[in-house]
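K.L.:
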Amino acid sequence: MIRVEHLNKTFRQPDGSLLTVLHDVNCEIHKGEVISIIGPSGSGKSTFLHTLNMLEPPTSGKVYVNGEDITAPDYPLAKLRHKMGMVFQNFNLFDHMTVLENITFAPVKLLHLSQTRAEQEAMELLKRVGMVHKADVYPATLSGGQKQRVAIARALAMHPDVMLLDEPTSSLDPTMVGEVLAVMRGLAQDGMTMLLVTHQLRFARDVSSRIIFMKDGGIYEDGTPEQIFEFPIHSATKAFVNRIKKLLFEIDSDDFDFYEIHTDITRFCIKYNIQAKAEHAFTLIKEVLFLHTRHIRPITVRLTHTEMTGVTALDFMVENLNETPLTDADRVKIRPQVNDIIEERTTRGFRVKLLI
Amino acid sequence: MTRFEVDMMKRILFLLLVCLTACTGRKAVEPHSEAELAGLTVACRNGSHYQTMLEQRDDIRLFLTNNDPDALLAVRQGRADVFVTDEMLLGEAEMARWGVKKVFRGEDSYPICFGIRKGNDELRRSLNAFLAATPVEAIVSHYTHGTAAVPEPPYEVNPKAKPLRFVFTTNMAPVSYMDEDGKWVGIDIDLIRRFAHRLGRPLELHTQALSSALVALQSGQCDLIASYLELTEERQQIIDFSLPYYDVYPGFFVLDSGANESATMRERVAMNLKTENRWMMIGHGLLETILITLFSILLGSALGCLFCRAKGSKREWVRNLTTLYSGFIGSMPTLVLLLILYYVVFARTGIPATIVAIITFALCFASSSGNLFYSSISSVPKGQVEAGLSLGFTRMQTFRYIVLPQAMKKGLPAFAGDCVGLLKGTSIVGYISIHDLTHVSDLIRARTFDAIIPLLVATVIYFFLAWALRKGIGLLMPKDLSTPSKS
Chain A
1343 MIRVEHLNKT FRQPDGSLLT VLHDVNCEIH KGEVISIIGP SGSGKSTFLH TLNMLEPPTS
1403 GKVYVNGEDI TAPDYPLAKL RHKMGMVFQN FNLFDHMTVL ENITFAPVKL LHLSQTRAEQ
1463 EAMELLKRVG MVHKADVYPA TLSGGQKQRV AIARALAMHP DVMLLDEPTS SLDPTMVGEV
1523 LAVMRGLAQD GMTMLLVTHQ LRFARDVSSR IIFMKDGGIY EDGTPEQIFE FPIHSATKAF
1583 VNRIKKLLFE IDSDDFDFYE IHTDITRFCI KYNIQAKAEH AFTLIKEVLF LHTRHIRPIT
1643 VRLTHTEMTG VTALDFMVEN LNETPLTDAD RVKIRPQVND IIEERTTRGF RVKLLI
Chain B
178 MTRFEVDMMK RILFLLLVCL TACTGRKAVE PHSEAELAGL TVACRNGSHY QTMLEQRDDI
238 RLFLTNNDPD ALLAVRQGRA DVFVTDEMLL GEAEMARWGV KKVFRGEDSY PICFGIRKGN
298 DELRRSLNAF LAATPVEAIV SHYTHGTAAV PEPPYEVNPK AKPLRFVFTT NMAPVSYMDE
358 DGKWVGIDID LIRRFAHRLG RPLELHTQAL SSALVALQSG QCDLIASYLE LTEERQQIID
418 FSLPYYDVYP GFFVLDSGAN ESATMRERVA MNLKTENRWM MIGHGLLETI LITLFSILLG
478 SALGCLFCRA KGSKREWVRN LTTLYSGFIG SMPTLVLLLI LYYVVFARTG IPATIVAIIT
538 FALCFASSSG NLFYSSISSV PKGQVEAGLS LGFTRMQTFR YIVLPQAMKK GLPAFAGDCV
598 GLLKGTSIVG YISIHDLTHV SDLIRARTFD AIIPLLVATV IYFFLAWALR KGIGLLMPKD
658 LSTPSKS
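So the protein lines, in turn, are chains A and B.
For what it's worth, my numbering labels the leading residue of the first sequence as 1343, then goes sequentially.
For what it's worth, my numbering labels the leading residue of the second sequence as 178, then goes sequentially.
1. What residue range does the alpha helix (DSSP H) around Lys334/B cover?
2. Can you tell me the Cα-Cα spacing of Lys187/B and Asp245/B, whole angstroms?
3. To the nearest angstrom, report how far apart Ser604/B and Phe240/B are at their CA atoms.
4. Give the DSSP bridge partners of Glu1291/A, in chain order.
5. Taking buried to mean at least 16 other C-beta atoms within 10 Å of its own C-beta, is Tyr426/B buried or exposed?
6. Taking the continuous beta strand (DSSP E) assigned at Val1363/A, which residues delimit it?
7. Closer than 8 Å is the cut-off here; do at least three beta carbon pairs connect the region 1451–1460 of chain A with the region 1517–1533 of chain A?
8. Look up Asn348/B in the DSSP assignment and say whether it is helix, strand or coil.
9. On the criterion of 16 or more Cβ atoms from any shown chain inside 10 Å, does Val317/B qualify as buried, or is it exposed?
10. Can you find a C-beta in chain A that's less than 7 Å from the C-beta of Pro582/B?
11. Drop a sphere of 10 angstroms on the beta-carbon of Pro510/B, count the other beta-carbons inside from all chains shown, and report buried for 16 or more, exposed for fewer.
12. Can you round the beta-carbon distance between Leu1506/A and Gly1427/A to whole angstroms, since I take them to be within the 8 Å contact cut?
13. Cβ closer than 8 Å: which chain A residues qualify as neighbours of Glu381/B?
14. Would Trp644/B be called buried (16 or more neighbouring beta carbons within 10 Å of its own) or exposed?
15. Could you tell me the distance, in whole angstroms, from the CA atom of Ser662/B to the CA atom of Gly598/B?
16. Could you tell me how far apart the beta carbons of Thr1413/A and Pro1399/A are, in whole angstroms, since I believe they sit closer than 8 Å?
17. Please compile the residues from chain B whose C-beta is within a distance smaller than 9 Å of the C-beta of Phe1430/A.
18. Using a Cβ-Cβ distance cut-off of 7 Å, determine whether Leu658/B contacts chain A.
19. Using the three-state DSSP reduction, which class does Met1650/A fall into: helix, strand or coil?
20. Could you give the C-beta distance for Cys399/B and Arg455/B, rounded to a whole number, given that I count them as a contact under 8 Å?
21. Relative to the C-alpha of His226/B, which residue among Gly397/B, Ile293/B and Leu408/B is closest?
22. Could you work out which residues of chain A lie near Ile579/B, taking near to mean beta carbons separated by less than 7 Å?
23. Give me whichever residues DSSP pairs with Ile402/B in a beta bridge.
24. Using beta carbons (cut-off 7 Å, strictly below), is Ala1671/A in contact with chain B?
25. Just verifying my parser: in three-state terms, what is the DSSP assignment at Phe570/B?
26. Please go through the same chain and pick out, in chain order, the residues whose beta-carbon is closer than 7 Å to the beta-carbon of Trp361/B, but skip the five residues on each side of it.
27. Report the rounded CA-to-CA distance for Phe307/B versus Thr347/B, giving the unit in angstroms.
28. Residues of chain B with a CB under 9 Å from the CB of Leu1452/A: which are they?
29. Taking only beta-carbon atoms, is Arg1423/A less than 7 Å away from chain B?
30. Between the Cα of Cys541/B and those of Leu512/B, Thr179/B, Gln561/B and Ala530/B, spot the shortest distance and give me the residue it belongs to.
31. Measuring only between beta-carbons, confirm whether Ala1414/A sits less than 7 Å from chain C.
32. Rounding to the nearest angstrom, what Cα-Cα distance links Arg1644/A and Ala1495/A in this structure?
33. List, in chain order, every chain B residue whose beta-carbon is nearer than 7 Å to that of Asn1408/A.
34. Leaving out the 5 sequence neighbours to the left and right, which residues in its chain are closer than 6 Å to Val1407/A when beta-carbon positions are compared?
35. Hey, Phe1433/A and Lys1489/A: beta-carbon distance below 7 Å or not?
36. In this structure, does DSSP put Ser659/B in helix, strand or coil?
Below you can see the structure in the form of structure tokens.
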């Protein structure tokens, strides 16, 4: 359905230098596919998406939609875009129109639907995204998740053949991400062709038929979720999908600010959507530091979370220690509170890992 | 309010007035010769030859005013002891009305002539011949002393002949003024009318400030000018004069303390509005103000759109042009710009003052409205344009349906404010003798010496105009945007 050949995109910086955002990108997208584009920030994912509907014309290269070269100079882009729905990271709802008007506006003006028909369809769509009760309010009164769901409905109102979603949940509070992902899951299940730039790796794995990993302006790997997540070929891919988020504390003496640690832990957990574990992690740290390793200073505490696997671990590392600081009594106390205790020697010393 | 309360208010106000006049601290003086003027403050019109005459004396303090009526006002307000003006301007009736009396007549008279374009000898000879054959003194006496009107010989005017264009520069009895029926009468008007009849040509009357009239004469926009035109050497260099048709003596006047001139409010309103159909003058002034304001806003906004486009141009030099323009226009007072356009740029063209005024205000408004349009449009988040385009709207459609309504919501209140600012700014056009609302009310003030009523009327009318303007612009607000958004 969409074919991309040798796509290049460079921007001229204010200081005159050139920034290459996309470099020789080639890709084919077939009807019915749900493709997630993942990769580190600045890898050109959003720009790539924007070239597909020519919101960002490429510097060189061609894009074919259903066989037609849309990069050709006189190509009627407005018509093309009727069939390509786009959802933005910043929602971009029309602030001066109600939710209903946002959705009916394009169909009435561009598809020449009657107002009644457009409203009927709009209400159906609102039902689908769960926003019927907010049909007559203005976007400013909605939460982020609600706005994004309306934006999805707005894009769907034009009956597109393909939906382009540019980091739809990146601007959202973690509490609202779920509702939007649910809508998107529904779309995929209904057979919509979707291209989705996202950081939600778990979701990408569950919902996509295909994953594209981009880095530094190019496509590194392109395959099924299994291929990408279980058996990545490039080391860059491997590093990305397994990336670990971590938080480090160096405890030198008993005078440390533990309210600050508490705040940092809470923030970390909220950021990675594991709020439930924050208190638990903090209690554990206090217990281990004051009870079980009271005499051992300096000691490094590390909180890590791997999104892909959902594993959260608390590491307590001591340099120049050859054996475990824990006694059996300690283990008895700790074991019920955690999923597992791993005690192992490292190159620098010893590490006690608690999985929570 | 009850009758009693009204009376009490009047009494209190009167007492206040008396105290105020008493507080000015001027003793009543009565000099009876030019020598006795020593040590006094004398008021006279700026630029009159009385000024030159009195300036030479060290023992007199000179108080200069813009025109003769203001000199009289200066004495009434206690800012001067004596004022000097042309004796014939104040007859018995006038003196009684304004509460002044003549103390003596000056010694040196000066001649009054008509002004003709330099080199127009044929007209000058014709006019001089006419003046020689006409009983000028009798006509003058009719207007100054109310003697019998002088009959006119039969005449025939050829409507197809080239009209005689006459510009007069004073609106004062007995020289040139409007009577109760709205007709222009007076010594100068009468004489010129007779002259035109004798020539068999239709007569066109215009009134302008002296400086504008001189320019008009030199450029050929008119044939004759008059109204207290003194023959001076300076003037002789640029225009020709007819033979003098009367001599004017200076009269020195002081406040007549015996006079009782508290007019009732009703009389004052009547004087200011009814006499000489002054309410019609106000009506014309109002129309003029509305005309200038509306056309300036329209033209200024159109230019403002151009400015806005230029400001958002991809080319840097175009953007720089707009900054230059803004800086230039914004750095000079509108009045200075108006005077430059009227007296320099459009001087020799036949473009009427009203058009020059509209151009001036439009140029200023273009800069302010252009900047406003630009910032309103820029304040609409770019993402909305992206969303519009992604749905399939063209750039034009995106602008029209998505950007413009939101830009208008943000910018319309400020735009209305700018328009009202322009409305108020049009009050300066009196400087180029356009009879707008402000100028007209000031003219009435000059004639009636009553500042409060005409200016109050003008203020009320301006309030109403500003209100109407805001309401009108409010109608432009796109629908459904009246709901305030919760941010």
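Glycine residues also receive a C-beta, built at the ideal position from the N, C-alpha and C atoms.
P.N.:
Judging by the given coordinates:
1. The sequence position of residue 334/B within the second sequence is 157, counting from 1. First, the residue type needs correcting, since residue 334/B is Val and not Lys in the sequence shown. Counting along the chain, Val334/B falls outside any alpha helix (DSSP H), and DSSP gives it neither H nor E.
2. Along the second sequence, one-based indexing puts residue 187/B at 10. Along the second sequence, one-based indexing puts residue 245/B at 68. Rounded to the nearest angstrom, the two C-alpha atoms are 31 Å apart.
3. Position 427 of the second sequence, counted from the start, is the residue given in the question as residue 604/B. Position 63 of the second sequence, counted from the start, is the residue given in the question as residue 240/B. Going by the C-alpha atoms only, they are around 26 Å apart.
4. This structure cannot speak to residue 1291/A, because chain A is shown only from 1343 to 1698.
5. What you label residue 426/B is simply residue 249 of the second sequence in a count that begins at 1. Its Cβ having fewer than 16 others within 10 Å, Tyr426/B is exposed.
6. Counting from one through the first sequence, the residue named residue 1363/A turns up at place 21. Element bounds for Val1363/A: Leu1360 to Ile1371.
7. no
8. Along the second sequence, read from residue 1 onward, the residue named residue 348/B stands at position 171. Coil.
9. Along the second sequence, one-based indexing puts residue 317/B at 140. Result: buried.
10. Here residue 582/B refers to the residue found at position 405 of the second sequence. Taking Cβ atoms only, chain A reaches closer than 7 Å to Pro582/B, which makes this a yes.
11. Taking the second sequence and counting its residues from 1, one reaches residue 510/B at position 333. Exposed.
12. For the purposes of this step, residue 1506/A is taken as residue 164 along the first sequence, with counting starting at 1. For the purposes of this step, residue 1427/A is taken as residue 85 along the first sequence, with counting starting at 1. Contact holds; Cβ gap of about 7 Å.
13. As a position in the second sequence, residue 381/B is number 204, starting the count at 1. Within chain A, no residue comes near Glu381/B; the closest Cβ sits about 56 Å away, beyond 8 Å.
14. Position 467 of the second sequence, counted from the first residue, corresponds to residue 644/B. Under this definition Trp644/B is an exposed residue.
15. Your numbering for residue 662/B matches position 485 in the second sequence. Your numbering for residue 598/B matches position 421 in the second sequence. In this prediction, Ser662/B scores a pLDDT of 41, lower than 50, which makes its location untrustworthy; the coordinate-derived value is nonetheless stated afterwards. When the Cα atoms are used, Ser662/B and Gly598/B turn out to be separated by approximately 28 Å.
16. As a first step, residue 1413/A must be located in the first sequence, where it is residue number 71. As a first step, residue 1399/A must be located in the first sequence, where it is residue number 57. Going by Cβ atoms, the distance from Thr1413/A to Pro1399/A rounds to 7 Å, so yes, they are a contact pair.
17. As a position in the first sequence, residue 1430/A is number 88, starting the count at 1. Per Cβ cutoff of 9 Å: Gly560, Glu563, Ala564 and Ser567.
18. Locating residue 658/B in the second sequence gives position 481, where the first residue counts as 1. The pLDDT assigned to Leu658/B is 46, lower than 50, so where the model puts this residue is not dependable; a value taken from the coordinates is nonetheless given after this. Judged by the 7 Å Cβ criterion, Leu658/B is in contact with chain A.
19. Your numbering for residue 1650/A matches position 308 in the first sequence. Correct three-state label for Met1650/A: coil.
20. Numbered from 1 along the second sequence, position 222 holds the residue referred to as residue 399/B. Numbered from 1 along the second sequence, position 278 holds the residue referred to as residue 455/B. 26 Å between Cβ atoms; not a contact.
21. By 1-based counting over the second sequence, the position of residue 226/B is 49. Looking at the Cα atoms, Leu408/B is the closest of the given residues.
22. Within the second sequence, residue 579/B is the residue found at index 402, counting from 1. Within 7 Å Cβ-Cβ: Phe1436.
23. In the second sequence, the residue the question calls residue 402/B occupies position 225. Paired residue(s): Gly292/B and Val344/B.
24. For the purposes of this step, residue 1671/A is identified with residue 329 of the first sequence, where counting begins at 1. It does not: the Cβ of Ala1671/A has no partner Cβ on chain B nearer than 7 Å.
25. Residue numbering aside, residue 570/B sits at position 393 when the second sequence is read from its first letter. Here Phe570/B sits in coil by DSSP.
26. For this step, residue 361/B is matched to residue 184 along the second sequence. Closer than 7 Å at the Cβ level, and outside the excluded window around Trp361/B, lie Ser353, Met355 and Leu382.
27. In the second sequence, residue 307/B corresponds to position 130, counting from 1. In the second sequence, residue 347/B corresponds to position 170, counting from 1. Distance between the alpha carbons of Phe307/B and Thr347/B: 23 Å.
28. Reading the first sequence from its first residue, position 110 is the one you call residue 1452/A. What Leu1452/A touches in chain B: Leu568, Gly569, Phe570 and Gln574.
29. Reading the first sequence from its first residue, position 81 is the one you call residue 1423/A. It does: the Cβ of Arg1423/A has a partner Cβ on chain B nearer than 7 Å.
30. Translated into the one-based positions of the second sequence, residue 541/B becomes position 364. Cα-wise, what sits closest to Cys541/B is Leu512/B.
31. Of the protein chains in this structure, namely A and B, none is chain C.
32. In the first sequence, the residue the question calls residue 1644/A occupies position 302. In the first sequence, the residue the question calls residue 1495/A occupies position 153. Their Cα atoms are separated by approximately 43 Å.
33. Here the question's residue 1408/A lines up with position 66 in the first sequence. What Asn1408/A touches in chain B: nothing, since even the nearest Cβ is about 16 Å away.
34. Here residue 1407/A is taken as the residue at index 65 of the first sequence, counted from 1. Cβ within range, chain order: Ile1344.
35. Locating residue 1433/A in the first sequence gives position 91, counting from the first residue. Locating residue 1489/A in the first sequence gives position 147, counting from the first residue. Contact flag set, yes.
36. Indexing the second sequence from 1 puts residue 659/B at position 482. Residue placement at Ser659/B cannot be trusted, given a pLDDT of 39 that sits under 50; what the coordinates show is reported in the next sentence. Of the three classes helix, strand and coil, the one that applies to Ser659/B here is coil, per DSSP.
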